[in-house]
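A.B. asks: The sequence shown maps to residues 1 to 212 in full-length UniProt numbering.
Think of the CB as a built atom: it goes at the ideal place given N, C-alpha and C, for glycine as much as any other residue.
Given the structure is predicted, the values throughout are model-derived calculations rather than measurements.
My structure is below; once you've seen it, I'll send some questions.
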Amino acid sequence: MRHWLEGWRRQRLLRQLADPALAFVLDPAPPDEWVSLDCETTGLDVRRDHIVSIGAVRIQGQRILTSQRLELLVRPPHGVSADSVRIHQLRERDLAQGLPVQDAVLQLLHFIGSRPLVGYYLEFDLAMINRVLRPLLGIALPQPRNEVSALYYDHKFRQLPPHRQQSPEIDLRFDTLMRDLGLPQSRAHDAVNDAVMAALAFIKLRQLQGAR
1 MRHWLEGWRR QRLLRQLADP ALAFVLDPAP PDEWVSLDCE TTGLDVRRDH
51 IVSIGAVRIQ GQRILTSQRL ELLVRPPHGV SADSVRIHQL RERDLAQGLP
101 VQDAVLQLLH FIGSRPLVGY YLEFDLAMIN RVLRPLLGIA LPQPRNEVSA
151 LYYDHKFRQL PPHRQQSPEI DLRFDTLMRD LGLPQSRAHD AVNDAVMAAL
201 AFIKLRQLQG AR
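Take a look at the structure:
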């Protein structure tokens, strides 16, 4: 039944694709592979703000394939504010030679292929990407998602005694999560480093769940 439903879903999405050349996103995923991704943006409004950089790295089993990573600067349609520069350290002159966002998102799509996605608060990144991608692809990114904060929440929740599970208080901040998992943190705050950090957390949480 599950395979039938997956096949039906794939056929339905294939009919919605704007470009048949992009049908590879609906192929069976390579076994035991994922792509961890992160975006830097001009702000947190998914309707009005813009992507300024995209970082992604492939994961295979328990390994992060840092030689297979994607780092893209994106030229926004408007200038970047001082507040956003303080966060991602990307100035207008840094982005002047960046890619148009449509080209960057298509490069990301080819890098991902059909691999499941990994990220920390991935919902925001995908909302920003899908706003650009949907008119090009005809659909939103269809790959399964692995949210690191949700995996960490489940891990911590299982450790709580029953009386505390009724109203759990679990700190999901990324610094807390990484420190609690005993993982190193990069001081560099950019999209590809954030993608690598999320990949590290994902691998560690899978190990704690007993995945091989």
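Sorted by chain position, which residues of the same chain lie with C-beta nearer than 6 Å to Arg75's C-beta, five sequence neighbours on each side aside?
C.D. replies: Taking the first residue of the sequence shown as 1, we reach residue 75 at position 75. For Arg75, where only same-chain residues beyond five positions count, the Cβ hits under 6 Å are Leu95, Gly98.
A.B. asks: Since Trp34 sits in a beta bridge, which residues does DSSP pair it with?
C.D. replies: Against the sequence shown, residue 34 aligns to sequence position 34. Answer is Ile59, bridged to Trp34.
A.B. asks: Just to check my reading of the structure: Gly55 and Leu44 have Cβ atoms closer than 8 Å, yes? What is that Cβ distance to the nearest angstrom?
C.D. replies: Translated into positions along the sequence shown, residue 55 becomes position 55. Translated into positions along the sequence shown, residue 44 becomes position 44. Their Cβ separation, rounded to whole angstroms, is 18 Å, which puts Gly55 and Leu44 out of contact at 8 Å.
A.B. asks: Using the Cα positions of Leu70 and Pro168, report the straight-line distance between them to the nearest angstrom.
C.D. replies: Residue mapping note: residue 70 aligns to position 70 of the sequence shown, counting from 1. Residue mapping note: residue 168 aligns to position 168 of the sequence shown, counting from 1. Between Leu70 and Pro168, the C-alpha separation is close to 37 Å.
A.B. asks: Could you give the distance in angstroms between the alpha-carbon of Val101 and the alpha-carbon of Asp125?
C.D. replies: The residue labelled residue 101 in the question sits at position 101 within the sequence shown. The residue labelled residue 125 in the question sits at position 125 within the sequence shown. Approximately 14 Å, taken between the alpha carbons.
A.B. asks: Using only the alpha-carbon positions, how far apart do Leu73 and Asp194 sit?
C.D. replies: Taking the first residue of the sequence shown as position 1, residue 73 is located at position 73. Taking the first residue of the sequence shown as position 1, residue 194 is located at position 194. Near 15 Å, if we compare the C-alpha coordinates of Asp194 and Leu73.
A.B. asks: Whose C-alpha, out of Gly7, Leu22, Gly182, is nearest the C-alpha of Pro135?
C.D. replies: Taking the first residue of the sequence shown as position 1, residue 135 is located at position 135. Of the listed residues, the one whose Cα sits closest to Pro135 is Leu22.
A.B. asks: From the DSSP output, in three-state form, read off Arg69 for me.
C.D. replies: Here residue 69 is taken as the residue at index 69 of the sequence shown, counted from 1. Three-state result, Arg69: strand.
A.B. asks: Can you tell which of Pro116, Asp19, Arg131 has the C-alpha that lies nearest to the C-alpha of Val105?
C.D. replies: Along the sequence shown, read from residue 1 onward, the residue named residue 105 stands at position 105. The residue with the shortest Cα to Cα distance from Val105 is Arg131.
A.B. asks: So what's Thr41 in DSSP terms, helix, strand or just coil?
C.D. replies: As a working note, residue 41 is residue 41 in the sequence shown. Residue state for Thr41 is assigned as strand, using DSSP reduced to three classes.
A.B. asks: Distance, Cα to Cα, Gly182 vs Arg58?
C.D. replies: Your numbering for residue 182 matches position 182 in the sequence shown. Your numbering for residue 58 matches position 58 in the sequence shown. Approximately 22 Å, taken between the alpha carbons.
A.B. asks: Which partner residues of residue 213 appear in the DSSP bridge assignment?
C.D. replies: Lying outside 1 to 212, the shown extent of the chain, residue 213 is not represented and no answer is given.
A.B. asks: Out of curiosity, what's the CA-to-CA distance linking Arg212 and Ile112?
C.D. replies: For the purposes of this step, residue 212 is identified with residue 212 of the sequence shown, where counting begins at 1. For the purposes of this step, residue 112 is identified with residue 112 of the sequence shown, where counting begins at 1. With a pLDDT of 49 at Arg212, under the threshold of 50, the modelled position of this residue cannot be trusted; read the value that follows with caution. If you take the alpha carbons of Arg212 and Ile112, they lie about 22 Å apart.
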